[in-house]
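Asker:
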Amino acid sequence: MDSAIISQSPSLRCSTKKHTIIRHSPRKLVVPKFVKPQQIAASRAASLKLTVRRESFRKAEHGVGEEDGVIIVDHGSRRQQSNLMLNEFVAMFKARTGYRIVEPAHMELAEPSISDAFRSCVQQGANRVILSPFFLLPGRHWQLDIPSLAAQASKEHSGISYVVTAPLGLHDLLVVCFYYSIVIHFFISIIISLTKQFIRH
6 MDSAIISQSP SLRCSTKKHT IIRHSPRKLV VPKFVKPQQI AASRAASLKL TVRRESFRKA
66 EHGVGEEDGV IIVDHGSRRQ QSNLMLNEFV AMFKARTGYR IVEPAHMELA EPSISDAFRS
126 CVQQGANRVI LSPFFLLPGR HWQLDIPSLA AQASKEHSGI SYVVTAPLGL HDLLVVCFYY
186 SIVIHFFISI IISLTKQFIR H
């Protein structure tokens, strides 16, 4: 049986002379109830997923249309495996939401850059670009660096508007993610420990 979680976070709009940063209040999302620790052993860890009904992402409600491009931006890493994980998340996000144009970007240290992703969105027909930082909490990168890089990228594409959304912030769904992460970690640790004991004997 699914349970509903509704964030109480208010909408946030922050404007400066050069940039507009918008955070919309999350819609009602449907997530599974917490799984009790003793029930974890009865299921495979790989099958535990945070499920969100696709209808929660109806485009009309969120103002994202066929001609909007979404760029999901992380910091970027020298570790290629970490960068590839962003590609996996973008593929998951695109499949779940049905948004037509979704691109990954790294703020620094790796490619594609914000400029590369911006260009790719425009080439696919986007007339507006939405940059969404894959960051947990607000900081200098969100407040200054990403808006600055987005502004530079937009100069190459006249007539294409863009917005920068807020980072993930404090959200009820993050509690679910952290819960699953902790419980699954301990479950896997127990399995590994038991396996080692079995091998020794």
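Its first residue numbered 6, the sequence shown is counted upward by one per residue in our numbering.
Here a beta-carbon is modelled for each residue, glycine too, at the ideal position from N, C-alpha and C.
In three-state terms, what does DSSP make of Ile217?
Answerer: Past the edges of the chain, shown from 6 to 206, lies residue 217, and the structure says nothing about it.
Asker: What does DSSP give as the partner residue(s) for Ile77 in the beta ladder?
Answerer: Pro109 and Ser137
Asker: For Lys160, tell me which candidate among Gly144, Ile119, Met97 and Gly103 has the shortest Cα-Cα distance.
Answerer: Ile119
Asker: Inspect the beta-carbon positions of Met112 and Ile151 and report whether they are closer than 8 Å.
Answerer: yes
Asker: Am I right that Arg133 and Ser163 are in contact with their C-beta atoms under 8 Å? What's the rounded C-beta distance?
Answerer: The beta-carbon distance between Arg133 and Ser163, rounded to whole angstroms, is 13 Å. This is too long to meet the 8 Å contact definition.
Asker: Would you kindly report the start and end of the unbroken beta strand (DSSP E) that includes Val169?
Answerer: Ser166 to Thr170
Asker: For Pro152, which three-state DSSP category applies?
Answerer: It is helical.
Asker: Does the Cβ-Cβ distance between Phe123 and Ala158 come in under 8 Å?
Answerer: yes
Asker: Taking just the CA atoms, how far does His190 sit from Arg205?
Answerer: 23 Å
Asker: I need the boundaries of the alpha helix (DSSP H) containing His176, first residue and last residue.
Answerer: Per DSSP, His176 belongs to no alpha helix (DSSP H) and is neither H nor E.
Asker: Could you tell me the alpha carbon to alpha carbon distance between Ser16 and Thr200, rounded to whole angstroms?
Answerer: At Ser16, the pLDDT of 43 sits below 50, so the modelled position is not reliable and the matter cannot be decided from this model.
Asker: What does a CB cutoff of less than 7 Å around Leu141 pick up in its chain, not counting 5 residues either side in sequence?
Answerer: Hits under 7 Å: Pro172 and Leu173.
Asker: Between the Cα of Gly81 and the Cα atoms of Ala110, Thr102, Val69 and Val95, which residue gives the shortest distance?
Answerer: Ala110
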